[in-house]
Amino acid sequence: MVFQRGVQEEGILPFEFDNDLLEAVTDSKRPGMRIYPFDRRAVVAGRGSRLSRELHLDRIQQDSIPIYRRRGGGCAVFLDPGNLIVSIAFPAEGFGNVGPLFCRASQRVIRGLSAAGICGVYQDGISDLVIDDRKIGGSCFYRSKGMAYYSAALLVTPDLAAMENYLAHPPREPEYRRGRPHQEFVAGLSSFFPEMTVKALEMRLKDCLELDGLGV
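Here you go:
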């Protein structure tokens, strides 16, 4: 496929779930999005993640949890079927302007969540989506010539015990985390909105997330 990492690491899978989105935006030169439940338990490492530092590899191997490596940066995360993935790709001239483009995509998702009834979400650190000092979503960003790609994992009903089991404390953390372990730092959206399910949020966001004006 066109959007595949050049070097395949032994035992590590490329994160190709959004390849069709990237190819469609490349062809059409128009913004596009994919919103979908993540259908498995997996670890997704950032482009520069040191797996031995960020993961409990023995536990991951024992439980046969697959490891993927994404294009975007940041530390490794654990995903499961309690997560909703929101991916956006849009035309962006040249190579630079990463910070403002990243922020623009995050704010678009925050506005979509608000329109879907998920109020009180704000951006903290570089890439976190937060409610009341608890992380409810993480995002990454990848810039290629002529295009920007943003992908967020929204934690609706996450398995926080599994997250704690497979992820080590990250080597880098935003200031607002203050050294908290995963189960004290992260919260599912269902903690704030008890009626919320992955399927319900998927349907709402597909109606509420607007892409007009994203391309530059």
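FYI, in our numbering the residues of the sequence shown are 407 to 622. Ideal Cβ placement from N, Cα and C applies to all residues, glycine included. Since the model is a prediction, treat every value here as computed from it, not as a measurement.
Considering only their Cβ atoms, is the gap separating G619 from S557 smaller than 8 Å?
Indexing the sequence shown from 1 puts residue 557 at position 151. Indexing the sequence shown from 1 puts residue 619 at position 213. No, the pair does not count as a contact, with Cβ atoms beyond the cut-off.
Does DSSP put L611 in a helix, a strand or coil?
By one-based count along the sequence shown, residue 611 stands at place 205. L611 falls in the helix class under three-state DSSP.
Going by C-alpha distance, which of F496, F501, E460 and G502 is nearest R514?
Residue numbering aside, residue 514 sits at position 108 when the sequence shown is read from its first letter. Per the Cα distances, F496.
Please tell me whether R456 and R476 are closer than 8 Å, where the distance is taken between their beta carbons.
For this step, residue 456 is matched to residue 50 along the sequence shown. For this step, residue 476 is matched to residue 70 along the sequence shown. No.
When DSSP labels each residue in this structure, what does P506 get in the three-state scheme?
Reading the sequence shown from its first residue, position 100 is the one you call residue 506. DSSP places P506 in helix when its eight states are reduced to three.
Count the C-beta pairs between the region 601-612 and the region 519-529 that are closer than 8 Å, then say yes if the count reaches three, no if not.
yes
Using only the alpha-carbon positions, how far apart do I516 and R540 sit?
Within the sequence shown, residue 516 is the residue found at index 110, counting from 1. Within the sequence shown, residue 540 is the residue found at index 134, counting from 1. Taking the straight line from one Cα to the other gives about 15 Å.
Please name the residue or residues paired with I491 in a DSSP beta bridge.
The residue labelled residue 491 in the question sits at position 85 within the sequence shown. I491 is bridged to Y442 and A559.
DSSP three-state label for D618, please.
The residue you call residue 618 lines up with position 212 of the sequence shown. Looking at D618 - three-state DSSP - the assignment turns out to be coil, as it is neither helix nor strand.
Residues bridged to G531 [DSSP beta-bridge criterion]
Here residue 531 is taken as the residue at index 125 of the sequence shown, counted from 1. Per DSSP, none; premise fails for G531.
Straight-line Cα distance separating L535 from G544:
Position 138 of the sequence shown, counted from the start, is the residue given in the question as residue 544. Position 129 of the sequence shown, counted from the start, is the residue given in the question as residue 535. Distance between the alpha carbons of G544 and L535 is about 6 Å.
Please check the pair A462 and A574, which I expect to be a contact at CB under 8 Å, by giving their CB distance rounded to whole angstroms.
Walking along the sequence shown from the start, residue 462 turns up at place 56. Walking along the sequence shown from the start, residue 574 turns up at place 168. Rather than Ala, the amino acid found at residue 462 in this sequence is His. The pair is a contact, with the Cβ atoms about 6 Å apart (cut-off 8 Å).
Could you have a look at F598 and say whether DSSP puts it in helix, strand or coil?
The count along the sequence shown starts at 1 and reaches residue 598 at position 192. In this structure, F598 counts as helix in the three-state DSSP scheme.
What span of residues does the beta strand (DSSP E) with Y474 cover, start to end?
Counting from 1 along the sequence shown, the entry for residue 474 is found at position 68. Segment I473 to R475, the beta strand (DSSP E) holding Y474.
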